[in-house]
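**Student:** My structure is below; once you've seen it, I'll send some questions.
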Amino acid sequence: MSFRITYSVLEADLSTLHAQFDAALDAVRGALGAQLPSWIGGEPYRSGDLLESRNPAKPDELLASFHRTPVSELDRVVRVAREAQRAWGATAWEERVRILRRAAELISERRLELSARMTLEVGKSRMESLGDVEESADLLRYYAAQLEQAEGFRRPMARLSPHEDTLSVLRPYGVFAVLSPFNFPLALAAGMSAGALLGGNAVILKPSEEAPWCAEGLYQALVEAGLPPGVFQVVHGEGESLGAALVRHPGVDGVAFTGSKAVGMDIHQQMSTGRVRPCFLELGGKNPAIVCRDADLEAAIEGCFRSAFGLSGQKCSALSRIYVHESLLDAFIDGLEKKVLAAEVGDPSLASVFTGPVINAAAVQRFERAVDEARQDGAVVVGAERLRLEGALAKGYFVEPTVVLLPHRHRLMRKELFLPFVGVTGFRTLDDALQLANDCEYGLTAGIFSRNPEDVERFMAEAEAGVLYANRRTGATTGAWPGVQSFCGWKASGASGKGGCGPYYVSQFMREQAQTRMG
Ligand code: SIN
């Protein structure tokens, strides 16, 4: 495959790629049902009871089962990590870079198999899955380059006398727990883990219980690339039990987490109890787009559609609030409705499908509750039904992409839903639109569509979010890429002030030491 897939691909001849993806899908489907382990100290752990990974488009399809790691094993897991970290932290940074770069190559070589798995496991469309895998490899490469550019983060400092030499050296903290979500099951597990590993830390990855199969792919790539046993371990289990116990473990020196605000706040509290430990949180959003009077309407509709309904709205960056200038409201709503009606919802493994299922039955229930509220307090433009598809997909977790007219102050315009559900309302002046867009506890991404450079610059200066896009037809608020858009949550969307995909990421996983040597 010579074509490079990002989340921003719109038009290209992808027939060869689709044929390759179909072949990979057949091969993956031919080997379903394996029992796979957790990984402790480089050894498979097969004593725990089984966690099942099922296809959300066809919940009867068992993809693979994974041996859970019981909480009672965590002492051993952490001990192994601490031992392995001593040698890894002392390994030359050039060697850490070499291994992570090799892992990136392996992920790229396996892109078709890994993305086919991902489509089955979390219901991503094939293009989104290919993008996720490609992003994972790029994250490893981009973060490795940060270590190279900073020459291992060793920097000569000033002298107070002629007989001394001082270095500022960034050194690892020790052991990081990485808790990754289902929605970017490879990219977020790979990105957070790579930041910690390149910094010389050992990692204990607890992937989402909805996506253990993708984490297995990451483990294989890192170990085959040469990561020593115990430096990267994978424990399977539920967030409320295993994840919570891992965060509480006193032998864990830091946590990287991407997920809900409620869980993130709890982790933050744990990490500041007793002693303050580093805690990197990316906590979702309620992301707005502003469509101005002079916007390119077609671009705005396309960009809003892609960001609201890509991955069934289950991205932290997903668009969930649209503010449209009053003069364009009818035309915008009409265009968005047409776009939604033309989009195929269904089996995400098919090339024609843009929107697959939501992740599980709980998400369907959340959708049904939101729709009930919207019917009561607003007006449904399009969607709002659970979809019962035919045949093999009959039990799948499918819901219609939904557009509703809702007042700005409504609960559904404030609470993160993580669903293909977008609220639209009108505005009169850019002042109003900016005020409405910023009137939210979250601040992850935001977009504007305007032909007026002054309005765009005002938006860039005043929008309270870490990732801003203007006139982006490929995604009003989604589609950040390593080395292009740092993904930094402001306000309740994050806690570190430095984003994944960005130039300051790796250094956060290290602590500074001043070393003065007298001659
Ligand atoms: C995310 O939503 O977690 C990141 C990807 C994006 O920018 O769309």
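Heads up, the sequence shown is in my numbering, so the first residue is 921 and it goes up one at a time. All C-beta atoms in this analysis are idealised placements derived from N, C-alpha and C, irrespective of residue type, glycine included.
#1: Under the criterion of a Cβ to heavy atom distance below 6 Å, does Lys1258 qualify as lining ligand 1?
#2: Report yes if the C-beta of Gly1266 is less than 6 Å from at least one heavy atom of ligand 1; otherwise report no.
#3: With a threshold of 16 other CB atoms inside 10 Å of the CB of Leu1116, please say whether the residue is buried or exposed.
#4: What's the gap between the Cα of Leu1166 and the Cα of Glu1158?
#5: Starting from Met1112, follow the alpha helix (DSSP H) in both directions and report where the run begins and ends.
#6: Say yes only if the C-beta of Ser1237 is nearer than 6 Å to one or more non-hydrogen atoms of ligand 1, and no if none qualify.
#7: Counting along the chain, where does the beta strand (DSSP E) carrying Ala947 start and finish?
#8: Among Phe1177, Ser1045, Tyr1062, which has the Cα closest to the Cα of Ala1097?
#9: If I measure Cβ to Cβ from Ala1299 and keep anything under 6 Å in the same chain, skipping five residues before and after, which residues do I get?
#10: List the DSSP bridge partners of Gly1343.
#11: Which one of Gln1405, Ser1269, Arg1371, Tyr1093 has the shortest CA to CA distance from Asn1391?
#12: State yes or no: is the C-beta of Thr1398 nearer than 6 Å to some heavy atom of ligand 1?
#13: So, using beta-carbon positions, are Val1095 and Val1172 closer together than 7 Å?
#14: DSSP three-state label for Tyr1425, please.
#15: Contact defined as beta carbons within less than 8 Å: I believe Pro1208 pairs with Tyr1243. What is the distance between those atoms, to the nearest angstrom?
#16: Return the CA-CA distance between Leu1441 and Ser985, expressed in angstroms with no decimal places.
#17: Quick check on the DSSP output: what are the complete beta strand (DSSP E) runs of length 3 or more inside the segment 1055-1097, in order along the chain?
#18: Counting only the same chain and skipping the five closest in sequence on each side, list residues whose C-beta sits under 8 Å from that of Gln1077.
#19: Quick one: residues in its chain with C-beta nearer than 7 Å to the C-beta of Leu1106, no 5 flanking neighbours on either side, listed in chain order?
#20: Nearest by alpha-carbon distance to Lys1181: which of Glu1202, Gly1174, Val1196 is it?
#21: Closest to Val1426 by CA distance: which of Gly1119, Pro1101, Ala1004 is it?
#22: Please state the DSSP three-state secondary structure of Cys1134.
#23: If we call anything under 7 Å between Cβ atoms a contact, is Phe1225 one with Thr1275?
#24: What does a CB cutoff of less than 8 Å around Val1387 pick up in its chain, not counting 5 residues either side in sequence?
#25: Quick check on DSSP: helix, strand or coil for Ser985?
#26: Does the beta-carbon of Ala1215 have 16 or more other beta-carbons within 10 angstroms, so that it is buried, or is it exposed?
#27: Where do the ends of the beta strand (DSSP E) carrying Arg974 lie?
#28: Can you tell me whether Lys1258 is buried or exposed, with buried defined as 16 or more other CB within 10 angstroms of its CB?
#29: Just checking: is the beta-carbon of Leu1270 within a distance shorter than 7 Å of some beta-carbon in chain D?
#30: Name the one or two DSSP bridge partners that Asn1207 has.
#31: Taking DSSP as the reference, what is the three-state secondary structure of Phe1152?
#32: Could you tell me the alpha carbon to alpha carbon distance between Ala1007 and Leu1090, rounded to whole angstroms?
#33: Would you say the segment 1304-1319 touches the segment 1253-1267, given that touching needs at least three Cβ pairs under 8 Å?
#34: Using the three-state DSSP reduction, which class does Lys1259 fall into: helix, strand or coil?
#35: Check whether the segment 1146-1153 and the segment 995-1011 touch, using three or more Cβ-Cβ pairs below 8 Å as the test.
#36: Grab me the residues of Ser928's own chain with a C-beta within less than 6 Å of its C-beta, minus the 5 sequence neighbours each way, in chain order.
**Tutor:** Concretely, from the data shown:
#1: Checking the Cβ of Lys1258 against ligand 1 gives no.
#2: Outside the cutoff, so no.
#3: The displayed chain sequence assigns Ala, not Leu, to residue 1116. For Ala1116, the number of other beta carbons within 10 angstroms of its own is at least 16, and it is reported as buried.
#4: Approximately 11 Å, taken between the alpha carbons.
#5: Residues 1107-1118.
#6: With a cutoff of 6 Å, Ser1237 counts as near ligand 1, since its C-beta is closer than that to a heavy atom of the ligand.
#7: Per DSSP, Ala947 lies in no beta strand (DSSP E) segment; the continuous alpha helix (DSSP H) that holds it begins and ends at 935-949.
#8: Nearest to Ala1097 by C-alpha distance, out of Phe1177, Ser1045, Tyr1062, is Phe1177.
#9: Counting only Cβ-Cβ distances below 6 Å, and skipping sequence neighbours, we find Leu1325.
#10: In the DSSP secondary-structure assignment, Gly1343 is bridged to Arg1241, Val1324.
#11: Taking the Cα of Asn1391 as reference, the smallest distance to any Cα among Gln1405, Ser1269, Arg1371, Tyr1093 is reached at Arg1371.
#12: Relative to the non-hydrogen atoms of ligand 1, the Cβ of Thr1398 comes within a distance shorter than 6 Å of at least one.
#13: Between Val1095 and Val1172, the gap from beta carbon to beta carbon is short of 7 Å.
#14: Three-state DSSP puts Tyr1425 in coil, outside helix and strand.
#15: A Cβ-Cβ distance of about 6 Å is found for the pair Pro1208 and Tyr1243, placing them in contact under the 8 Å criterion.
#16: In the structure as shown, the chain begins at 921 and stops at 1439. Residue 1441 is therefore absent and cannot be evaluated.
#17: Listed in chain order, the beta strand (DSSP E) elements of length 3 or more contained wholly in the segment 1055-1097 are 1074-1076, 1084-1092.
#18: The amino acid occupying residue 1077 in the given sequence is Met; Gln does not appear at that position. Hits under 8 Å: Thr1086, Leu1087, Ser1088, Ala1434.
#19: The residues Leu1034, Met1038, Asp1052, Val1053, Ser1056, Cys1134, Gly1137, Leu1138, in chain order, have a CB closer than 7 Å to that of Leu1106 in the same chain once the five nearest residues on each side in sequence are set aside.
#20: With distances taken between Cα atoms, Lys1181 lies closest to Glu1202.
#21: Selected option, being the one with the closest Cα: Gly1119.
#22: Three-state result, Cys1134: helix.
#23: It is not a contact, given that the beta carbons lie outside the stated cut-off.
#24: The answer, listed in chain order, is Ser1237, Leu1364, Thr1365, Ala1366, Thr1397, Ala1400, Gln1405, Ser1406, Phe1407, Cys1408, Gly1419.
#25: Looking at Ser985 - three-state DSSP - the assignment turns out to be strand.
#26: Buried, because 16 or more other Cβ atoms sit within 10 Å of the Cβ of Ala1215.
#27: Annotation for Arg974: the continuous beta strand (DSSP E) segment containing it runs 970-975.
#28: The residue in question, Lys1258, is exposed, as its Cβ has fewer than 16 Cβ neighbours within 10 Å.
#29: The question asks about chain D, but that chain is absent: this structure has only one protein chain.
#30: The beta-bridge partner set that DSSP reports for Asn1207 consists of Leu1239.
#31: DSSP places Phe1152 in strand when its eight states are reduced to three.
#32: When rounded, the distance between both Cα atoms is 16 Å.
#33: With the cut-off at 8 Å, the segment 1304-1319 and the segment 1253-1267 touch.
#34: In the structure shown, Lys1259 falls within a helical segment according to DSSP collapsed to helix, strand and coil.
#35: Counting Cβ pairs under 8 Å, three or more are found: they touch.
#36: So the list reads Thr1394, Gly1399, once near-sequence residues are dropped.
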